[in-house]
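Participant: Sequential numbering from 3 applies to the sequence shown in our numbering.
All C-beta atoms in this analysis are idealised placements derived from N, C-alpha and C, irrespective of residue type, glycine included.
Provided herewith is a single structure, encoded as structure tokens, for subsequent inquiry.
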Amino acid sequence: MDFLRRLNWSLDQAVDVFFTEGHSCPPEHVDARKVEAFFLKYASSEDQTIRPEGIEELCKDLSISALDPVTLVLAWHCRAHQMGIFTREEFTTGMQRLGADELPKLKAKVADMRQALQDRAACKEVYAFTFQFALDQGDACRWTCA
């Protein structure tokens, strides 16, 4: 019940956090206004999404390469649907899951995201996500994990 309460009654997020992050919710409170300001810092003024240029700027601010596999873990936390783009909802979801509402907090989570690639279960989920994520928009693929 605690997971649901902490994650605003989102069953999907609560289950994901329970099974992928060591059976605990992000310990820090996430301030929605700070997340919004954080999002707007990198968002395009045209369509209010974070596009490739904004992602590159975010990566630079995080002191990582845009080609670093950690960016895929970030996209997985955000539940992004399209490579190179974060919608407001996706970014907010990711920041809630990570417990980060501003750059220093997200920067502090980079090591944890990198560690997720070393954890067999989490890495398998990130891989499955990345496989679908990397397909061109409109492509469909069905596969099963052994």
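Since LEU64 contacts LEU108 with CB under 8 angstroms, what's their CB separation in whole angstroms?
Facilitator: Numbered from 1 along the sequence shown, position 62 holds the residue referred to as residue 64. Numbered from 1 along the sequence shown, position 106 holds the residue referred to as residue 108. Yes, they are in contact, since the Cβ atoms of LEU64 and LEU108 sit about 7 angstroms apart, within 8 angstroms.
Participant: Please go through the stretch 53 to 137 and give each complete alpha helix (DSSP H) segment of 4 or more residues, from N-terminal end onward.
Facilitator: For the stretch 53 to 137, whole alpha helix (DSSP H) runs of length 4 or above, ordered along the chain, are 54 to 63, 72 to 80, 90 to 100, 105 to 118, 122 to 136.
Participant: Alpha carbon to alpha carbon, how far is HIS31 from GLY96? Give it in angstroms, no decimals.
Facilitator: Position 94 of the sequence shown, counting from 1, holds the residue named residue 96. Position 29 of the sequence shown, counting from 1, holds the residue named residue 31. One C-alpha to the other measures close to 14 angstroms.
Participant: Can you tell me whether ALA82 is buried or exposed? The criterion is at least 16 other CB atoms within 10 Å of its CB, across all chains shown.
Facilitator: Looking up residue 82 in the sequence shown gives position 80. Its Cβ being crowded by 16 or more others within 10 Å, ALA82 is buried.
Participant: Can you tell me whether GLN149 is buried or exposed? The criterion is at least 16 other CB atoms within 10 Å of its CB, across all chains shown.
Facilitator: Because the chain in this structure spans residues 3 to 148, residue 149 falls outside the shown range and cannot be described.
Participant: Helix, strand or coil: how does DSSP classify GLN15 here?
Facilitator: Position 13 of the sequence shown, counted from the first residue, corresponds to residue 15. In the structure shown, GLN15 sits in a helix (DSSP, three-state: H, G or I).
Participant: Taking only three categories from DSSP, how would you classify LEU37?
Facilitator: Position 35 of the sequence shown, counting from 1, holds the residue named residue 37. The residue asked about is misnamed: residue 37 is Val in this sequence, not Leu. Three-state DSSP puts VAL37 in a helix.
Participant: Spatial neighbours of PHE40 within its chain, please: CB distance less than 6 angstroms, with the 5 preceding and 5 following residues excluded, ordered by chain position.
Facilitator: Taking the first residue of the sequence shown as position 1, residue 40 is located at position 38. So the qualifying residues of the chain are GLU104.
Participant: By Cβ distance, which residues of its chain are closer than 8 angstroms to GLY86, with the 5 residues on each side in sequence left out?
Facilitator: Within the sequence shown, the letter at position 84 stands for residue 86. Only ARG53, PRO54, ILE57 meet the Cβ criterion.
Participant: How many angstroms separate the CA atom of VAL72 from the CA atom of GLN50?
Facilitator: Looking up residue 72 in the sequence shown gives position 70. Looking up residue 50 in the sequence shown gives position 48. Spanning the two alpha carbons is a distance of roughly 24 angstroms.
Participant: If you drop the 5 nearest sequence neighbours on each side, which residues of the same chain put their C-beta closer than 7 angstroms to that of SER67?
Facilitator: The sequence position of residue 67 within the sequence shown is 65, counting from 1. Same-chain partners within the cutoff: CYS61.
Participant: To which residues of the same chain is LEU74 closer than 8 angstroms at the C-beta, ignoring the five residues directly before and after it?
Facilitator: Stepping through the sequence shown from its first residue, residue 74 is reached at position 72. If we look at LEU74 and ignore the five residues flanking it on each side, its Cβ neighbours are VAL128, PHE131, THR132, PHE135.
Participant: Closest to GLN117 by C-alpha separation, out of LEU42, LEU76, ARG90, would be which residue?
Facilitator: Indexing the sequence shown from 1 puts residue 117 at position 115. Checking every option, the nearest Cα to that of GLN117 belongs to LEU76.
Participant: So, is TRP11 buried or exposed, given that buried needs 16 or more other C-beta atoms within 10 angstroms?
Facilitator: Here residue 11 refers to the residue found at position 9 when the sequence shown is read from its first residue. Exposed, since its Cβ has fewer than 16 Cβ neighbours within 10 Å.
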